[in-house]
Amino acid sequence: MEIEFIVKELSRLSDAVGNGLFDDAKEGAESLHRQVVGGLDRDAIFFRIVSNVASIFIDVGHMQPCNDSTQKGLSILKDYKDEIVEQIGEDAYFYNLSNAKSNLIVEKNPFNHTFSTIEQLIDIKSDLWKAIKSCQDEINPTYIVNLGNSLKQQFRIAEAIECYDKVISLGLDIPQAWVNRSETLMMLNQVSNTFSIQMLEQIKGGYENVLKSREIPPIWGEHYKRQVAYHQQKIDEACNEAEIAPDLHDSEATKAEYDSLSCYRQFCLDNHLSLSEHGLYCACSGSARDNLTIPTLEGVVGDFVIPMEMVLNRLKSEFSFARHLYFEYVTKDKDYDLLHASCFSELFNDELLGIDVEKLRTAFRACFGILDKIGIAICELFDLYPPNGKVYFQSFWQLDSDDRRNKFNEHKSAGLLALYSIATDLNDRKGGEWSFLKQLRNDLEHEFVVVHNTNGPSDIYNSYDFMGYIVLVEEALFINHLERLLQLTRSAIFSFVFAVRDKALKQKDDSYVYLPNSIHRKDYN
Numbered sequence: 001m002e003i004e005f006i007v008k009e010l011s012r013l014s015d016a017v018g019n020g021l022f023d024d025a026k027e028g029a030e031s032l033h034r035q036v037v038g039g040l041d042r043d044a045i046f047f048r049i050v051s052n053v054a055s056i057f058i059d060v061g062h063m064q065p066c067n068d069s070t071q072k073g074l075s076i077l078k079d080y081k082d083e084i085v086e087q088i089g090e091d092a093y094f095y096n097l098s099n100a101k102s103n104l105i106v107e108k109n110p111f112n113h114t115f116s117t118i119e120q121l122i123d124i125k126s127d128l129w130k131a132i133k134s135c136q137d138e139i140n141p142t143y144i145v146n147l148g149n150s151l152k153q154q155f156r157i158a159e160a161i162e163c164y165d166k167v168i169s170l171g172l173d174i175p176q177a178w179v180n181r182s183e184t185l186m187m188l189n190q191v192s193n194t195f196s197i198q199m200l201e202q203i204k205g206g207y208e209n210v211l212k213s214r215e216i217p218p219i220w221g222e223h224y225k226r227q228v229a230y231h232q233q234k235i236d237e238a239c240n241e242a243e244i245a246p247d248l249h250d251s252e253a254t255k256a257e258y259d260s261l262s263c264y265r266q267f268c269l270d271n272h273l274s275l276s277e278h279g280l281y282c283a284c285s286g287s288a289r290d291n292l293t294i295p296t297l298e299g300v301v302g303d304f305v306i307p308m309e310m311v312l313n314r315l316k317s318e319f320s321f322a323r324h325l326y327f328e329y330v331t332k333d334k335d336y337d338l339l340h341a342s343c344f345s346e347l348f349n350d351e352l353l354g355i356d357v358e359k360l361r362t363a364f365r366a367c368f369g370i371l372d373k374i375g376i377a378i379c380e381l382f383d384l385y386p387p388n389g390k391v392y393f394q395s396f397w398q399l400d401s402d403d404r405r406n407k408f409n410e411h412k413s414a415g416l417l418a419l420y421s422i423a424t425d426l427n428d429r430k431g432g433e434w435s436f437l438k439q440l441r442n443d444l445e446h447e448f449v450v451v452h453n454t455n456g457p458s459d460i461y462n463s464y465d466f467m468g469y470i471v472l473v474e475e476a477l478f479i480n481h482l483e484r485l486l487q488l489t490r491s492a493i494f495s496f497v498f499a500v501r502d503k504a505l506k507q508k509d510d511s512y513v514y515l516p517n518s519i520h521r522k523d524y525n
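All letters in the sequence shown, in the order written, are residues 1 to 525 by full-length UniProt numbering.
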């Protein structure tokens, strides 16, 4: 076959998908696949071509939709995995694989997911983490948007918003980031049982930004215009009910309030490290404190609320400490006087020592302590201790033993599903892409972990050779790991609150209603 013909045909098929000619694109892909398989040697060109054909099948499967087309693309990716990875890169391969699996999701409504159906989403999430982690240079923004979409479906709202904000900050025309950010804020309203006028403003603003995009088909414009009008109506209704006038200069006021915040609080908001529901989406004065609580303004019910609020206090205290250690390390000048006073022997082995680097190591260990406490609180709240009684956040779930999957389904909520999803990221038995962080934490506690400041540390006196087991971690990489762990931990804290709040809102027969920072007797008469 002529390669020039194949290139033109692939381009034609791609245009057919873009123009909605899905049957034509699918039939053309099937014909081209047969010709390529029967007429080309199994060389680099062949594997690049079949990878493109697989993408056509997968795109048709998504847009039409058509499971048969998706399955054809998925089969090609699986049949030639190693060769395709070699030709197009591991990141592109796992991105395409995640797209194919996403097309085959059986339960489309996240709120209908159970501890069984969510396993399909967890598999997709792992592929997207693989794609992002295997990027050699800059990460493709589309990967981040798709990761956000996957996390959103698993109710990991804090992390999903972080993904969309990261892409939006690039200033590129990627309307999917705006669409999904607005959808995630609507999901936050349902999961948290709270809302604000600013939340409605940002939902509406997301759709307004989509309408400015050149990347959406004109036919979709009317849908987004209706979304803008609908949410403007909701804003007007909320303002009337609150007896306030809409603030036409709200974005300017928010910017002024953000500028008035301390450098530390700005750092928390900029890096998505606040523990404020309002701070998930807005950087105004309302996000100036970590005012996350289990009770809502309307109050919640349950004898367990106060004990769980006690747990939340502990989680917030330890997270604030870890977060502040990280802040000090990346923003403050190193204290060379303290370093000099410590009198470390100069071994010329590039190891970072002293109070500064211990801040990083301490923050890292603290995060796993927080996660394990969340696991214990969940076991107490729902009577879900594992058979051996040992609770480690990433592994206490054990859904495949002792009918525990059904037991968890009895208490299913968005927050609980999100916590399980986070745990799978840290569990090596679930193929968790961040499971090595747990091993690194164990090494920090029990082994010699050397954080060094060069790509390959020198060791003039062979100081590392004597140890049978030693872990070497470059400073920049250790910081990246800590940043990810902080995000996972913050997300888990929010999800814990939502899980407890969900249980409290379902209570019917308790005699107290708990409001933030107060207790009020409920009158049932």
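C-beta atoms are modelled at their ideal positions from N, C-alpha and C, and glycine is treated no differently.
Tell me the rounded alpha-carbon separation between residue i and residue j.
i	j	result
Asn-146	Asn-96	11 Å
Phe-408	Thr-114	9 Å
residue 527	Asn-388	Since the first residue of the chain shown is 1 and the last is 525, residue 527 is not available in this structure.
Phe-368	Phe-111	28 Å
Leu-417	Phe-155	7 Å
Leu-200	Asn-240	14 Å
Tyr-464	Val-357	19 Å
Arg-34	Leu-170	41 Å
Phe-436	Leu-121	21 Å
Arg-441	Ala-160	25 Å
Leu-21	Asp-15	9 Å
Asn-291	Val-191	17 Å
Lys-166	Lys-72	33 Å
Asn-374	Gly-89	In the sequence on display, residue 374 carries Ile and not Asn. Ile-374 and Gly-89: Cα-Cα distance of roughly 38 Å.
His-520	Glu-298	Any reading at His-520 must be qualified, since the residue scores a pLDDT of 36, below 50, and its modelled position is unreliable; the value itself is stated next. Between His-520 and Glu-298, the C-alpha separation is close to 11 Å.
Gln-45	Leu-151	A small fix is needed here, since residue 45 is Ile in this sequence, not Gln. Whole-angstrom Cα-Cα distance: 35 Å.
Gln-439	Arg-361	14 Å
Glu-257	Asp-250	10 Å
Ser-276	Ala-158	10 Å
Asp-337	His-324	21 Å
Lys-508	Gly-302	Low confidence applies to Lys-508: its pLDDT is 46, below 50, so where it sits in the model is not reliable, and the reading given next is rough at best. Cα-Cα distance, rounded: 9 Å.
Val-473	Asn-480	11 Å
Met-310	Cys-379	15 Å
Ala-177	Leu-185	12 Å
For residue i, which three-state DSSP category applies?
i	result
Phe-195	coil
Glu-309	helix
Ile-84	helix
His-452	strand
Glu-474	strand
Val-7	helix
Val-301	strand
Glu-107	coil
Glu-138	coil
Are the CB atoms of residue j and residue i within a distance shorter than 8 Å?
i	j	result
Ile-6	Val-36	yes
Ala-366	Ala-322	yes
Phe-478	Val-451	yes
Phe-396	Pro-386	yes
Arg-453	Leu-352	Arg is not the amino acid found at residue 453; the sequence shown has Asn there. Yes, the Cβ-Cβ distance between Asn-453 and Leu-352 is below 8 Å.
Ala-363	Leu-211	no
Phe-47	Glu-4	no
Arg-501	Thr-296	yes
Glu-447	Val-471	yes
Ile-294	Val-300	yes
Leu-188	Leu-269	no
Lys-255	Val-228	no
Pro-246	Ile-216	no
Tyr-224	Leu-486	no
Leu-104	Asn-67	yes
Asp-335	Ile-355	yes
Leu-381	Met-467	no
What does a CB cutoff of less than 8 Å around residue i pick up in its chain, not counting 5 residues either side in sequence?
i	result
Ile-118	Gln-154, Leu-417, Tyr-420 and Ser-421
Ile-370	Leu-315, Glu-318, Phe-319, Ala-322, Thr-489, Ala-492 and Ile-493
Asn-52	Leu-10
Val-85	Tyr-93
Arg-405	Phe-115, Ser-116 and Leu-399
Phe-498	Phe-155, Val-191, Ser-192, Ser-413, Ala-414, Gly-415 and Ala-418
Once you ignore the five residues that flank residue i on each side, which residues in its own chain have a CB closer than 7 Å to its CB?
i	result
Asp-350	His-452, Asn-453, Thr-454, Pro-457 and Ser-458
Glu-475	Leu-352, Val-451, His-452 and Asn-453
Gln-64	Phe-22
Beta-carbon within less than 6 Å of residue i's beta-carbon, same chain only, minus the 5 sequence neighbours each way: which residues are those?
i	result
Tyr-143	Tyr-95, Ala-131 and Ile-132
Cys-163	Ile-144, Leu-147 and Gly-148
Could you say if the stretch 418-428 and the stretch 340-347 meet the contact criterion of at least three C-beta pairs nearer than 8 Å? The stretch 340-347 and the stretch 418-428 do not touch, with fewer than three beta-carbon pairs separated by less than 8 Å.
Is it true that the stretch 86-100 meets the stretch 127-139, where meeting means three or more beta-carbon pairs spaced less than 8 Å apart? yes
Just checking, does the stretch 52-67 make contact with the stretch 11-31 on the three C-beta pairs under 8 Å criterion? yes
Could you tell me whether the stretch 180-198 touches the stretch 269-289, using the rule of 3 or more Cβ pairs below 8 Å? yes
Are three or more beta carbon pairs between the stretch 115-131 and the stretch 426-446 nearer than 8 Å? The answer is yes - the stretch 426-446 touches the stretch 115-131, with three or more Cβ pairs under 8 Å.
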